[in-house]
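Numbering (our numbering), first residue to last: 204 to 347. For glycine and all other residues, C-beta sits at the position ideal for the given N, C-alpha and C. Report on one structure; see the data block that follows.
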């Protein structure tokens, strides 16, 4: 995204890079993701983003905690792709929506049958017709 959008002045990447809840829930092809794996992924992300150091800032924190670092109306665009459980998506929308400028966009990923909690939270906040979907699984709403 940073490479393709040349006019980005600030890009904030937020991720806790940590085991969330029961580590046995998070499976990959070769087994369970451990905290050591998350730590390695964090380092890899930092290395990849280093080439964009003039615009990219990385915050290693849970999403809602990171939202508290910014004033209301700070962002033109926020993309949520964190924990997909209903309570987490609900909390993310509540935390990040006020930070989006009027006319800005709040968006997210994985709006599909597999993530029913995410779908429920998005629909409860914006109504079934109050947002758009793109490419099947991306949802977005423009803040008025």
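Round the Cβ separation of residue i and residue j to the nearest angstrom and send it over; I've been treating them as touching at under 8 Å.
i: residue 314; j: residue 291; result: Not a contact, Cβ separation roughly 14 Å.
i: residue 249; j: residue 261; result: 6 Å
i: residue 220; j: residue 245; result: 4 Å
On the three-state DSSP scale, how would you describe residue i?
i: residue 347; result: coil
i: residue 311; result: strand
i: residue 328; result: helix
i: residue 209; result: coil
i: residue 316; result: coil
Per DSSP, which one or two residues make a beta bridge with residue i?
i: residue 214; result: 259
i: residue 337; result: 341
Enumerate in chain order the residues of its own chain whose CB-to-CB distance from residue i is below 6 Å, with the five nearest sequence positions on each side excluded.
i: residue 294; result: 267
i: residue 352; result: The first residue shown for the chain is 204 and the last is 347, placing residue 352 beyond what the model contains.
i: residue 345; result: 308
i: residue 281; result: 299, 303, 309
i: residue 222; result: 238
i: residue 265; result: 219
Can you find the residues in the same chain that come closer than 7 Å, C-beta to C-beta, to residue i, ignoring five residues on each side of it along the sequence?
i: residue 279; result: 304, 307
Point to revise | Residue ranges of each alpha helix (DSSP H) within the region 219 to 307, 4 or longer | key: 238 to 252, 266 to 270, 289 to 299
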